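Asker:
There are 2 protein chains.
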Amino acid sequence: MANGNKLAVFNFQTAIDKRLIQRPNKPKAKLEETVREVFAAIEQKGDKALFDYTLKFDKISSNILEISKKTIDESDRYLSQDLKDAIVQAASNIRKFHENQVEKLSPVETAKGVLCWRENRAIERVGIYVPGGSAPLFSTVLMLAIPAKTAGCKEIILCTPPNIAGVNPAILFAAKHTGVDRVFAVGGIQAIGAMACGTETIPKVSKIFGPGNQYVTKAKQIAQIEYNTAIDMPAGPSEVLIIADETCNPAFVAADLLSQAEHGDDSQVILLLDNELLAAKINSELSRQLEKLPRQKIAELALENARAIVMNNIDECIALSNEYAPEHLILACKNYGKVAEKVVNAGSVFLGNFSCESAGDYASGTNHTLPTNGYARAYSGVSLDSFIRKITFQEISEEGIASIGKTVEVMAAAESLDAHKNAMKIRAEFIANNKNKQS
Amino acid sequence: MANGNKLAVFNFQTAIDKRLIQRPNKPKAKLEETVREVFAAIEQKGDKALFDYTLKFDKISSNILEISKKTIDESDRYLSQDLKDAIVQAASNIRKFHENQVEKLSPVETAKGVLCWRENRAIERVGIYVPGGSAPLFSTVLMLAIPAKTAGCKEIILCTPPNIAGVNPAILFAAKHTGVDRVFAVGGIQAIGAMACGTETIPKVSKIFGPGNQYVTKAKQIAQIEYNTAIDMPAGPSEVLIIADETCNPAFVAADLLSQAEHGDDSQVILLLDNELLAAKINSELSRQLEKLPRQKIAELALENARAIVMNNIDECIALSNEYAPEHLILACKNYGKVAEKVVNAGSVFLGNFSCESAGDYASGTNHTLPTNGYARAYSGVSLDSFIRKITFQEISEEGIASIGKTVEVMAAAESLDAHKNAMKIRAEFIANNKNKQS
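Which chain is which? The protein sequence lines are A and B, in order. Its first residue numbered 0, the first sequence is counted upward by one per residue in numbering that gives the first Met the number 0. Its first residue numbered 0, the second sequence is counted upward by one per residue in numbering that gives the first Met the number 0.
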């Protein structure tokens, strides 16, 4: 790193060292024991355990879990008109994008008399977790409740940690506006445990969605593995990778890097470019913008692990990006449409100089719940599909038995599964006997 | 249970006791330690560790992992023409069904100047596990390699345990016919570890598919949680639930119950009906058919935990089935089309008297990799989607900044994320300045 650059610049025009895009290998915290203890207590003591742990972990003494309908209804009194309008517009865009994801499924006659198809069924009851902390992440409510509602989930519940004043009204307003059925003031491990096990007040759900700290992440993992509860996806720190060339606006790029860096000191920030001079310009913009930032300290810590990597050309940049598989990918380069075709591994992609990541975080309409930590190699972000099962159906006629009967019998016999064979054989014989009788 | 019935009959026409459809709560075997040890050895010693564990666990001394192209090519010499024809027909049906799952994705202008869309990208490298044991499950190769190939995965690898004679030719033939790129003779924990960690010979994959015993299941879990490798879905014993009324053929129903029971002594077999006399008829068919079954012992053990439950009507049956969420659901009742509309939780559904489960296990075209253990409440079976990511894209024009800029700024500020707000603000100001210059 040279002369006080905010972003360390590496020139790798000759060879790429893949270590440059390795994510830090965090030591795995041993949280299982705490999570298991909390889950066991919830199974035994139900709501009482939730109150106990809310006092212990959150230092909040409470004896009410469910936020009343009245409190939810009145939440809009505490929001500015600007914020209400913003939430309503964002919700509308998100709804449009996710409504467009309803897939029309058509049947296929795979062989004569063998009709196969799929039908969409929404998951009946889902749970949304919205973390507390310094800021109320009401945007998460929009990103999870809107596709859940669009999918047709029958019951959508939401858990969020209480603070002394109760639950933040922006979260309640977002919940009300998106059709969340019930809101519970409980957070952390105990919230996930309540949704995985069920208590007197909080119903057990089939799938849990939402971000959280390392305790919440571990609790979701245990819910998935030991409590038969599905989860949205594995979690990790948020990430952005930007590919920029001389057509970019360095101030915009710096602003986008910072909007990722302010998330947390473990945020991953990578800039790939084809031009070392540009790295210097972006670095000087970074310094300028960083000074005025309220979350300057956090952003500076994140930038310590961030890097700018200079490659020979944009093709090399996109190859390295695919290797890294970023959660967010910004293409601030010419012919970004062509470059986008080469994207193989990414969560969400932002094209051109005006598509900032924060647009997608809030209001473009795409979902902001995306795969981090390289999971984009195998996972998609949350979508309507995350709230739906596609059940397969098949209807086989007598003609269908004639079409595939022998195939099934031969394969079952070769796998030494004679009862499988018999189930087909008994039908084929029945049909043959009937025909004989008729003739 | 009365008079030597193979299937215990419970009459619950007055009240349903949900305990009747509870799955046994198996004690969780402590296998983590073994799995972690094997994975650590693979990370350290690579291929050598695979040979060591193949000798230790499978009692096979081997120093070759990859099956040669020649061996794969020559596999068809060892198969009867009937079996080859059966595999080819089944593959064709499965291919038709999964090709029909390619989703056409269209862009949406969520707000003026804000264009959002999704694009399909196949997972680049996937791994298929095919268990060994008494019978070669070549049908699993078809069910996993065909959608992988249809999705466009660049590399499909397959691991299966060796026996003294090598790898079963039916598995090799199925692999060759479906476009599997490489086959490795390694099984159990060490196969999953190899695909999760990568070795000199076996490449690390992004997602692992396939069934297996409790060791394989635990290894897939550890791969998912600790080695950033996705897996198809959590596993449990296979299940069938049959809903039957007087229009069913008792011999067919008995054959279907047995085809599930022969899988293993932990197979789940449930029959729901609206008529106690019918239960008796099916029970007598069961006794008759069971006698001739090669896997009679296994099937009898499974039937010990199986049950027939008599309800008041088919509506009650379907409600109870939705509660149970079976992997396979057979509707052997009149108006099965109407009944099917009420199915909410199930993996795959078989309609009418001629749609036996074994048709779907092998050759109807639907996928036989399905959610067990109640996971059908939240998971779909394997489909083309299991091999694809849907990446979101957004392109925002200057007009788009005008549409959603304020919304993004207001929401980011309310979440105390000022850098997120700035990323939008800097663009809005740039556009305003440009306009001023022009005017």
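Glycine included, C-beta positions come from ideal geometry on N, C-alpha and C. Since the model is a prediction, treat every value here as computed from it, not as a measurement.
Note down, in chain order, every chain A residue with its Cβ under 7 angstroms from the Cβ of B:T365.
Answerer: C115, T391, Q393
Asker: Nearest-angstrom Cα distance between B:S438 and B:E428?
Answerer: 15 angstroms
Asker: Around the Cβ of B:N312, are there at least 16 other Cβ atoms within 10 angstroms (buried) or fewer (exposed)?
Answerer: The residue is exposed, with fewer than 16 neighbouring Cβ atoms inside 10 Å.
Asker: Hey, which unbroken runs of the alpha helix (DSSP H) at 4 residues or more fall wholly within the region 202–237 of chain B?
Answerer: 213–225
Asker: Determine the DSSP secondary structure at A:Y378, reduced to helix, strand or coil.
Answerer: DSSP places A:Y378 outside both helix and strand once states are collapsed to three, so it counts as coil.
Asker: Tell me, please, whether the CB atom of B:Y378 is closer than 8 angstroms to any CB atom in chain A?
Answerer: yes
Asker: State the Cα-Cα distance for the pair A:N212 and B:L64, rounded to the nearest angstrom.
Answerer: 42 angstroms
Asker: Under 7 angstroms between beta-carbons, which chain B residues line up against A:D81? List them in chain order, please.
Answerer: V409
Asker: Report the residue from A:L82, A:G112, A:F386, A:E73 whose alpha carbon sits nearest the alpha carbon of A:P146.
Answerer: A:F386
Asker: When the cut-off is 8 angstroms and only beta carbons count, does B:F353 lie next to chain A?
Answerer: yes
Asker: Could you please give the first and the last residue of the uninterrupted beta strand (DSSP E) stretch that includes A:F183?
Answerer: 181–184
Asker: Do you know whose CA, among A:K337, A:R426, A:P370, lies nearest A:S396's CA?
Answerer: Of the candidates A:K337, A:R426, A:P370, the one whose C-alpha sits nearest the C-alpha of A:S396 is A:R426.
Asker: Among all the DSSP beta bridges, which residues are the ones paired with B:L136?
Answerer: According to DSSP, which records beta bridges pairwise, B:L136 is partnered with nothing at all.
Asker: When DSSP labels each residue in this structure, what does A:H327 get in the three-state scheme?
Answerer: strand
Asker: Assuming B:I170 contacts B:T159 under a Cβ cut-off of 8 angstroms, what Cβ separation, rounded to an integer in Å, is found between them?
Answerer: 6 angstroms
Asker: Counting only C-beta atoms, is B:G131 closer than 8 angstroms to chain A at any point?
Answerer: B:G131 does not count as touching chain A.
Asker: Between B:L49 and B:V185, is the Cβ-Cβ spacing less than 8 angstroms?
Answerer: Yes, Cβ-Cβ distance for B:L49 and B:V185 is below 8 angstroms.
Asker: Less than 8 angstroms between C-beta atoms, sequence neighbours within five positions excluded: which residues of the same chain meet that for B:S205?
Answerer: I122, E123, R124, V125, T228, A229
Asker: When the distance is taken between beta carbons, is A:A150 closer than 8 angstroms to A:I127?
Answerer: no
Asker: Measure the Cβ-Cβ separation of B:A243 and B:A339 and say whether it is below 8 angstroms.
Answerer: Their beta carbons are not under 8 angstroms apart, which means B:A243 does not touch B:A339 by this criterion.
Asker: In terms of residues, what are the limits of the alpha helix (DSSP H) holding B:S286?
Answerer: From DSSP, the alpha helix (DSSP H) with B:S286 extends over 275–289.
Asker: Kindly indicate which residue of A:S138, A:R388, A:L157 has the alpha-carbon position closest to the one of B:A413.
Answerer: A:S138
Asker: Between which two residues does the beta strand (DSSP E) containing A:A86 stretch?
Answerer: It is Ile, not Ala, that sits at residue 86 of chain A in the sequence shown. Here A:I86 belongs to no beta strand (DSSP E); instead the alpha helix (DSSP H) covers 80–98.
Asker: Contact check, B:I378 vs A:R388 under 8 angstroms by CB: the rounded distance?
Answerer: Reading off the sequence shown, one finds Tyr at residue 378 of chain B, where the question assumed Ile. Their Cβ separation, rounded to whole angstroms, is 7 angstroms, which keeps B:Y378 and A:R388 in contact under 8 angstroms.
Asker: Relative to the C-alpha of A:G165, which candidate in A:A358, A:Q21, A:S67, A:Y374 has its C-alpha closest?
Answerer: A:S67
Asker: If we count Cβ pairs, one from each stretch, closer than 8 angstroms, do we get three or more for the region 105–119 of chain B versus the region 364–376 of chain A?
Answerer: yes
Asker: Answer yes or no: does any C-beta atom of chain B fall closer than 8 angstroms to that of A:E322?
Answerer: no
Asker: Between the region 199–221 of chain A and chain B, which residues of the former have CB atoms less than 8 angstroms from a CB of the latter, in chain order?
Answerer: S205, K206, Q220
Asker: Mind listing the chain B neighbours of A:E397? Cutoff is C-beta to C-beta under 8 angstroms, in chain order.
Answerer: F353
Asker: DSSP three-state label for A:E123, please.
Answerer: coil
Asker: Does DSSP put A:N421 in a helix, a strand or coil?
Answerer: helix
Asker: For B:R376, count neighbouring C-beta atoms within 10 Å of its own C-beta (all shown protein chains included) and say buried if the count is 16 or more, exposed if not.
Answerer: buried
Asker: Closest by CA to B:E261, which one among B:L289, B:A318, B:I224?
Answerer: B:L289
Asker: Please report the residue range of the beta strand (DSSP E) in which A:T70 lies.
Answerer: Premise fails: A:T70 lies in the alpha helix (DSSP H), 68–72, not in any beta strand (DSSP E).
Asker: Going by alpha carbons, who is nearest to A:A218 out of B:K219, B:A218, B:K217, B:I224?
Answerer: B:I224
Asker: Any beta-carbon of chain A closer than 8 angstroms to the one on B:Q267?
Answerer: no
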